[in-house]
Amino acid sequence: MGAVSRFLNQWRGRALHAEFDEELRFHFEARVESNERAGMSRAEAESEARRHLGSLVKATEGMHEARISGLAGGLARDLRHALRLVRRQPAPMMLAVVTLSFGIGANAAIFSLLDASLFRPLPFPSAHQLVTILDRDRGRPGAAGPTIPELLDVAERVRVFQSVSFLDFRDAQTFGGLEPTRVFAARVEPSLFTVLGVSPALGRLFTREDSTGGGPPVVVLSAGFWRRTFGGDPDVVGQTLVVNGISCAVAGVLPRSFSIDYLAPEPVDLYLPYPLIPLYTQRSAPFANIRRVFGVARLRPEAALEGASAELDMVARALVAEHPAIYRGADQPAAFEMTAQPLREIVSGTERRVLLLLWAAVGLVLVIACVNTAQLLLAQAMEREAEMAVRGALGASRGRLLRQCLAESLLLSALAGSAGALQAVWLVRALRWLLPAQVATVGTVALDVPVLLFTLGVAIVTTLACGTLPAWQMSGAAPGPHTEGRSTTGARARSRHVLVAIEVAISVVLLVGAGLVVRGLLELQRTHSGFASDGVTLMRLRGMSVAGPAGELWPTYRQYLQRVAALPDVEAIALASSPVPQPAGVEFTVVGASEAEAAPVRGTGAYSMVSGGYFSTLRIPLLQGRTFDDGDVKSRPPVAIVNAEFARHYWPGRTALQQQIHAGPGPRAATLTIVGVVGDVRPPRQRENSPQIYVPISQQDEPSVALLVKPRAGRSVATAAVKQAIWSVMPQQAVFSVQPLDDVLARAVERERAIAALLACFAALALIMSTAGVYTVVTYVTARRTREIALRRAMGATVYDVLALLAGQTFRWAVAGLTVGLGLAAAVSGALIVAVPGLLRFEPATAGALAIVYLAVVAVAMGMPALRALRLEPAHALRTE
Amino acid sequence: MRDNRKDQLQGTLDLLVLRTLSTGGTMHGYAITERVEQVSRDTLKIEAGSLYPALHRMEEAGWVRATWDVSHNNRRARFYTLTPTGRRRLAEETEHWTRLAGAVGRVLKNA
Numbered sequence: 001m002g003a004v005s006r007f008l009n010q011w012r013g014r015a016l017h018a019e020f021d022e023e024l025r026f027h028f029e030a031r032v033e034s035n036e037r038a039g040m041s042r043a044e045a046e047s048e049a050r051r052h053l054g055s056l057v058k059a060t061e062g063m064h065e066a067r068i069s070g071l072a073g074g075l076a077r078d079l080r081h082a083l084r085l086v087r088r089q090p091a092p093m094m095l096a097v098v099t100l101s102f103g104i105g106a107n108a109a110i111f112s113l114l115d116a117s118l119f120r121p122l123p124f125p126s127a128h129q130l131v132t133i134l135d136r137d138r139g140r141p142g143a144a145g146p147t148i149p150e151l152l153d154v155a156e157r158v159r160v161f162q163s164v165s166f167l168d169f170r171d172a173q174t175f176g177g178l179e180p181t182r183v184f185a186a187r188v189e190p191s192l193f194t195v196l197g198v199s200p201a202l203g204r205l206f207t208r209e210d211s212t213g214g215g216p217p218v219v220v221l222s223a224g225f226w227r228r229t230f231g232g233d234p235d236v237v238g239q240t241l242v243v244n245g246i247s248c249a250v251a252g253v254l255p256r257s258f259s260i261d262y263l264a265p266e267p268v269d270l271y272l273p274y275p276l277i278p279l280y281t282q283r284s285a286p287f288a289n290i291r292r293v294f295g296v297a298r299l300r301p302e303a304a305l306e307g308a309s310a311e312l313d314m315v316a317r318a319l320v321a322e323h324p325a326i327y328r329g330a331d332q333p334a335a336f337e338m339t340a341q342p343l344r345e346i347v348s349g350t351e352r353r354v355l356l357l358l359w360a361a362v363g364l365v366l367v368i369a370c371v372n373t374a375q376l377l378l379a380q381a382m383e384r385e386a387e388m389a390v391r392g393a394l395g396a397s398r399g400r401l402l403r404q405c406l407a408e409s410l411l412l413s414a415l416a417g418s419a420g421a422l423q424a425v426w427l428v429r430a431l432r433w434l435l436p437a438q439v440a441t442v443g444t445v446a447l448d449v450p451v452l453l454f455t456l457g458v459a460i461v462t463t464l465a466c467g468t469l470p471a472w473q474m475s476g477a478a479p480g481p482h483t484e485g486r487s488t489t490g491a492r493a494r495s496r497h498v499l500v501a502i503e504v505a506i507s508v509v510l511l512v513g514a515g516l517v518v519r520g521l522l523e524l525q526r527t528h529s530g531f532a533s534d535g536v537t538l539m540r541l542r543g544m545s546v547a548g549p550a551g552e553l554w555p556t557y558r559q560y561l562q563r564v565a566a567l568p569d570v571e572a573i574a575l576a577s578s579p580v581p582q583p584a585g586v587e588f589t590v591v592g593a594s595e596a597e598a599a600p601v602r603g604t605g606a607y608s609m610v611s612g613g614y615f616s617t618l619r620i621p622l623l624q625g626r627t628f629d630d631g632d633v634k635s636r637p638p639v640a641i642v643n644a645e646f647a648r649h650y651w652p653g654r655t656a657l658q659q660q661i662h663a664g665p666g667p668r669a670a671t672l673t674i675v676g677v678v679g680d681v682r683p684p685r686q687r688e689n690s691p692q693i694y695v696p697i698s699q700q701d702e703p704s705v706a707l708l709v710k711p712r713a714g715r716s717v718a719t720a721a722v723k724q725a726i727w728s729v730m731p732q733q734a735v736f737s738v739q740p741l742d743d744v745l746a747r748a749v750e751r752e753r754a755i756a757a758l759l760a761c762f763a764a765l766a767l768i769m770s771t772a773g774v775y776t777v778v779t780y781v782t783a784r785r786t787r788e789i790a791l792r793r794a795m796g797a798t799v800y801d802v803l804a805l806l807a808g809q810t811f812r813w814a815v816a817g818l819t820v821g822l823g824l825a826a827a828v829s830g831a832l833i834v835a836v837p838g839l840l841r842f843e844p845a846t847a848g849a850l851a852i853v854y855l856a857v858v859a860v861a862m863g864m865p866a867l868r869a870l871r872l873e874p875a876h877a878l879r880t881e
Numbered sequence: 882m883r884d885n886r887k888d889q890l891q892g893t894l895d896l897l898v899l900r901t902l903s904t905g906g907t908m909h910g911y912a913i914t915e916r917v918e919q920v921s922r923d924t925l926k927i928e929a930g931s932l933y934p935a936l937h938r939m940e941e942a943g944w945v946r947a948t949w950d951v952s953h954n955n956r957r958a959r960f961y962t963l964t965p966t967g968r969r970r971l972a973e974e975t976e977h978w979t980r981l982a983g984a985v986g987r988v989l990k991n992a
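These protein sequences, in sequence, are chains A and B. Quick note on this note's numbering: the first sequence kicks off at 1 and runs consecutively. Quick note on this note's numbering: the second sequence kicks off at 882 and runs consecutively.
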């Protein structure tokens, strides 16, 4: 208790001193009184009492020491001393502040990202009860969302769930104003908002009648859409919005804080009730068993996740038994499972490793900053050995000197911490701009209290870490050689050199890691081939039938193609379900082939629905047969075109034409006759050729399509003209996401690009810092040995001798660090490959090249101060000390 | 060596103060000096410069408790009372002192 109260007494020092004075005054007056009683005069009595009392200063000081602990008072003194030192010699301290603040700022920024994406709970009441339900096929990696019939069964049979709901996302178009607008919508099962625990900001949310067709069509707006489109009109409820050609009444508006954007591919503008009609809910309906939704369930308060998974497992087994045709392949055993996962993990799971990787990298940067600062402080400490030795000789205890050094570190941490926090503000903004939306949209990335606390903690820990070693060494300085004012080469070279080695090793790890990621990125960007994207503009649209909501889409599409092709300067035009074949494919079997043959009979391949002009638009060569034409309509036998890889692999030595395959997703699966063979296309991120199947979009009803417009060479096609052409067919058709195909392709590697950019920044920081560290060490060594160098030069030492003397040892340690760093990098790159799929393996060539470059930079940093020392006139140098 | 001597003197002062408080009950600093002088027949004089730091140190250590109260001449004074901890401490110090004094006495007589 004593220590605490003595510590706390610092803040009532004034009151305590008043008490001391009063106590002593009482003593004085009591003595005066007693003297007067003994017969002295007033003056005599007072002077006797003063003598009797002795030194009042001594008494007060003694009481002060007894009652008030000296720590903070001493600390203030130490801080003042530290400030004086900084003012006298600002350069090294400022350098340390800048170095550390980079490390701290970067860490705070990345931490704020982590905090927002991984640590903070989802913004829903009792968010820990929220889970998502997933389908898993034991034969395949990864998981998929469940189907609606499955979820309805789960809601009915699993008891640990309080409630089950689901949603999916889709484009929608709203009409009104100048042109049809494409918006992004979520179709939600009506209880979703209840399950999540959200109440409306205005109006109401969905009821069961909204989904069963019992009431008029309604829509719920996101707060953002309400502000943008309705100007935040408080009387919006009941107004009409045309969505996908249907007039919907606005039922309500969601609160601003509500967002499920992190589940969605893009921000959600409006919410529509999921139609709970047999077409969607019955297993017998087409697509019902392949239409995947996002399932959300809330556990009962007392229930655990394991219980849910166990029950889901039972339900899955029951479903397999009840519907063998759906869950069991013709000859395979059932491999269907269902699991529950915390909603929080689904949200961040995909990005977790990337973020942790970035955190690790930025942590390494901080370590380098620390080591670097330790170097600076160490160099400074050597400069001040004389001061410390004198103070030690005058009676300052080692603890006292240590405290002085740590006070300087504290000043450093305060400065570096606040500079780091300032930097973090900017870095967070940069991060938000740099990172693809899904990485950072969970909650808002901001510098809030936890982040600032983290920054503060980091600042204190780091400065203590880098201040302690120099402080310990400095406080131990013995009087003797230092006090003579002459410098000697200390025995402490080793700790400096170990620091150099650490710094170099970590920098190499960062440099090689970043190098590999950048190389991997370049490789990824280079991969796509087999087609020409230059000049092609992509426009997305969601097809509408001229014959009304249930009509076929192809007649509309054909008219779009005709009208747009008729525009001047349009060289080629096509419609496709995806601009380039997607790597994830569908299963197919070769019809008529027997297992006995050498060629395989089944496989997976990319599946694209395209119009006939697709191949000429992207300049994919037609190798055999024909492309699709107006004859390929629904009433005719379905046809397909495959790529050369497919033909080579499945019909080696034979023509693929007129062969048949059975392929297609779900109910689209059909027996297709091959009518053509085209060149291989490698989309971004894909390194090797793989089977690709193209089917005519004219034989399908695909609402989500991309229009590819290729202008004549040297010309361009105005987007407005294309839109006008389309509107001349269908005035309500929204045309959106208009962008060059090249941009779309580049975005496929957006995440890797962001990671590569960040890692490259960190590596650059590491490079600069470690170079500065090496430079500091050699500069310092050189400065201390100026006289020696001059002597050696005067006695005939060569430039090489002196360089070896000054930088040789540092260089050897740097090389040792480099070797260790390369080894670590080789090990770490394994983790990198897991974290960032698509990266290359550890490449000795890349790593070696980077190491050589790095070594060259380090060598220059070491050579510069040494060479400067060599230029000094020996006679001049001998006189300086 | 120097420190050792200082510690001994301080220990002695603590002993005197604790002992005085144990017999005199609640007392202010001036009364303690008076009492020590009187009992030791003016052989031992305690300086205010030593007494008050000692009292405050013992207060922080929990051996004595201090309260502001009004003295017989109607003035505010700081009164000290021995705490149970202080009483135990007194016993220890007394025992230690007696042993030390006995040992020193024997050395002076016989060595």
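Note that CB positions come from ideal geometry on N, CA and C, so glycine has one too.
DSSP places Lys-634 of chain A in the coil class of the three-state scheme, outside both helix and strand. By the 16-neighbour rule on beta-carbons within 10 angstroms, Ile-277 of chain A is exposed. The residues Thr-604, in chain order, have a CB closer than 6 Å to that of Glu-587 of chain A in the same chain once the five nearest residues on each side in sequence are set aside. Rounded to whole angstroms, the Cβ separation of Val-509 of chain A and Leu-364 of chain A is 7 Å, and the two are in contact under 8 Å. Relative to Thr-462 of chain A, the option among A:Asn-289, A:Met-539, A:Trp-426 and A:Ile-368 whose CA is nearest is A:Ile-368. Counting along the chain, the unbroken beta strand (DSSP E) around Asn-643 of chain A starts and ends at 639-643. In the structure shown, the three-state DSSP call for Glu-843 of chain A is coil. Counting along the chain, no beta strand (DSSP E) covers Phe-615 of chain A; the unbroken alpha helix (DSSP H) around it starts and ends at 614-617. Trp-949 of chain B carries a strand assignment under DSSP once its states are collapsed to helix, strand and coil.
Under the three-state reduction of DSSP output, Phe-26 of chain A falls in the helix class. Not a single C-beta of chain B is nearer than 7 Å to the C-beta of His-17 of chain A.
The Cβ neighbour count for Ser-112 of chain A, taken over all protein chains shown within 10 Å, is at least 16; the residue is labelled buried. If you look at Ser-247 of chain A, you'll find it in the beta strand (DSSP E) that goes 246-253. In the three-state reduction of the DSSP assignment, Val-237 of chain A falls in the coil class. Look at Ser-55 of chain A: its C-beta is under 7 Å from a C-beta on chain B.
The beta carbon of His-27 of chain A falls within 7 Å of a beta carbon belonging to chain B, placing the residue at that interface. In this structure Arg-753 of chain A is not in contact with Ser-529 of chain A, their Cβ atoms being roughly 19 Å apart against a cut-off of 8 Å. For Met-40 of chain A, DSSP assigns no beta-bridge partner whatsoever. The secondary-structure analysis by DSSP pairs Thr-901 of chain B with nothing; it has no beta-bridge partner. If you draw a 10 Å sphere on the C-beta of Asp-629 of chain A, you find fewer than 16 other C-beta atoms in it, and that means exposed. In the three-state scheme derived from DSSP, where H, G and I count as helix and E and B as strand, Lys-723 of chain A is classed as helix.
The beta-carbon of Gly-417 of chain A is placed no less than 7 Å from the nearest beta-carbon of chain B.
In summary, His-953 of chain B is exposed, with fewer than 16 beta-carbon neighbours lying within 10 Å of its beta-carbon over all protein chains present. Contact note: Glu-65 of chain A reaches chain B through Pro-934, using a C-beta cutoff of 8 Å and chain order.
In this structure the stretch 700-720 of chain A touches the stretch 564-572 of chain A; the number of beta carbon pairs closer than 8 Å is three or more.
Cβ neighbours of Met-539 of chain A within its own chain (closer than 6 Å, five residues either side excluded): Leu-707, Val-735 and Val-738. In the three-state scheme derived from DSSP, where H, G and I count as helix and E and B as strand, Pro-934 of chain B is classed as helix. Annotation for Ala-912 of chain B: the continuous alpha helix (DSSP H) segment containing it runs 910-920.
Here the alpha carbons of Ala-360 of chain A and Pro-255 of chain A stand approximately 37 Å from one another.
When DSSP reads this structure, Ala-186 of chain A sits in a beta bridge with A:Phe-169 and A:Tyr-271.
Counting along the chain, Thr-281 of chain A sits inside the alpha helix (DSSP H) bounded by residues 278-281. The shortest C-alpha to C-alpha distance from Phe-102 of chain A to any of A:Pro-637, A:Ser-413, A:Pro-731 and A:Gln-733 is the one to A:Ser-413. At a C-beta separation below 7 Å, Gly-62 of chain A has these neighbours in chain B: Gly-930, Tyr-933 and Pro-934.
At a cut-off of 7 Å between C-beta atoms, Arg-946 of chain B does not count as an interface residue with respect to chain A. Below the 7 Å Cβ cutoff, chain B contributes Ala-929, Gly-930, Tyr-933 and Pro-934 as neighbours of Ala-59 of chain A, in chain order. When secondary structure is reduced to three states using DSSP, Arg-204 of chain A falls in the coil class, being assigned neither helix nor strand.
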